[in-house]
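These notes are about the structure you will find just below.
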Amino acid sequence: MNEHYLSNIELYYCSSLSITEQCFHLTDEEFYHAKKVMRHSIGDKIFATDGKGKIFEGRIENINRDSIKAEVVKEYNYSNRLSHFTFCIPNLKNPDRFKFALEKCTELGITNFIIFNSERSVSKGFNLERINKLLLSSAKQSLQAYLPMVKILDSISLFNDYDSQKILFEQNSDNKISDMKFDNSKKYLMLFGPEGGFTEKEISEINPSMILNLSQNRLRTETAIVKAASIIS
Numbered sequence: 352m353n354e355h356y357l358s359n360i361e362l363y364y365c366s367s368l369s370i371t372e373q374c375f376h377l378t379d380e381e382f383y384h385a386k387k388v389m390r391h392s393i394g395d396k397i398f399a400t401d402g403k404g405k406i407f408e409g410r411i412e413n414i415n416r417d418s419i420k421a422e423v424v425k426e427y428n429y430s431n432r433l434s435h436f437t438f439c440i441p442n443l444k445n446p447d448r449f450k451f452a453l454e455k456c457t458e459l460g461i462t463n464f465i466i467f468n469s470e471r472s473v474s475k476g477f478n479l480e481r482i483n484k485l486l487l488s489s490a491k492q493s494l495q496a497y498l499p500m501v502k503i504l505d506s507i508s509l510f511n512d513y514d515s516q517k518i519l520f521e522q523n524s525d526n527k528i529s530d531m532k533f534d535n536s537k538k539y540l541m542l543f544g545p546e547g548g549f550t551e552k553e554i555s556e557i558n559p560s561m562i563l564n565l566s567q568n569r570l571r572t573e574t575a576i577v578k579a580a581s582i583i584s
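Going by the working numbering, the first residue of the sequence shown is number 352, and it counts up by one from there.
Pasting the structure below:
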């Protein structure tokens, strides 16, 4: 697939496209940002993604009190190169580090996330709405055509319900992630331990397909997450 790489644009999100009219609409926060912050007017060129692999170039036809209507001028289609990877991220006690990991992974093209609690997780609560809002913002900022999907798992044992290769990371492993050749036809769960790592019981429950080395150095959880994303992207 020939993909067109865009830069120096402002990307909006539209959840629906009118096929018959060949137009898209910006509403709610997207509308507010386009009209009140960017001060777009009729005739302006804007870009929007459906979050499913398409970016639309449009020209504003109409602006009313709560929406903007734009005619589609061009349509760009993108493949999801990393759809076979799911990054499984523990609920970190430091919200800024948790946010950093999600933001940087999204910028690097990771589109599937699982957030989970472990025995050593200090923070146990999740705000899924806030997480989704963060992922949307990061995807738009980095001009991604795919809106990341996130799931919440309350128990590590539920990872066994997934038909995927389960990969853990260990500093002492002789198998380096940089030497791995991942198969695009297979699915991979990339599991990152919390501060203090997984317990022996949890490792036994996960029953990893392989254990890989990310670095000779001991890395913070969020650093390990971002480094893995950087290597495979």
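C-beta atoms are modelled at their ideal positions from N, C-alpha and C, and glycine is treated no differently.
For clarity, every value in this text was computed on a predicted model and none was experimentally measured.
- Closest by C-alpha distance to N523, out of Q567, Y427, M561 and Y383, is Q567.
- Annotation: the segment 497-555 contains the following complete segments of the beta strand (DSSP E) (minimum length 3 residues), in chain order: 500-504, 516-520 and 539-542.
- A distance below 7 Å between beta-carbons, with the five flanking residues on each side excluded, links E458 to the following residues of its chain, in chain order: S489 and S493.
- Beta-bridge partners assigned by DSSP to T572: none are found.
- The residue among T550, S392 and E426 with its C-alpha nearest the C-alpha of K420 is S392.
- The DSSP-derived three-state label of R410 is strand.
- Around the beta carbon of G544, 16 or more other beta carbons lie within 10 angstroms, which makes this residue buried.
- Taking the Cα positions, L498 is about 30 Å away from N558.
- The segment 412-428 and the segment 374-392 touch, with no fewer than 3 CB-CB distances between them shorter than 8 Å.
- Taking a cut-off of 8 Å on C-beta distances, the segment 425-434 does not touch the segment 512-526, as fewer than three cross pairs fall below it.
- For K420, the uninterrupted beta strand (DSSP E) run begins and ends at S418 to N428, by DSSP.
- Residues of the same chain with a CB within less than 8 Å of the CB of L486, apart from the 5 flanking positions on each side, are L453, T457, F464, L498, P499 and V501 in chain order.
- Around the C-beta of P446, fewer than 16 other C-beta atoms lie within 10 Å, and the residue is accordingly described as exposed.
- Of all alpha-carbon atoms in F451, E408 and G547, the one lying nearest the alpha-carbon of F375 is that of E408.
- Approximately 6 Å separates the beta-carbon atoms of F549 and S469; this is inside 8 Å, confirming the contact.
- For T437, the enclosing beta strand (DSSP E) begins and ends at F436 to P441.
- Non-local C-beta neighbours of I582 in its own chain, meaning closer than 7 Å and more than five positions away in sequence, comprise I528 and S529, ordered along the chain.
- Per the DSSP secondary-structure output, C365 pairs with nothing in a beta bridge.
- With distances taken between CA atoms, I360 lies nearest to K396 out of K396, K387 and E381.
- Within the same chain, Cβ atoms closer than 8 Å to the Cβ of I461 are found at L433, F436, F438, P499, A580 and S584, the five residues on either side in sequence being excluded.
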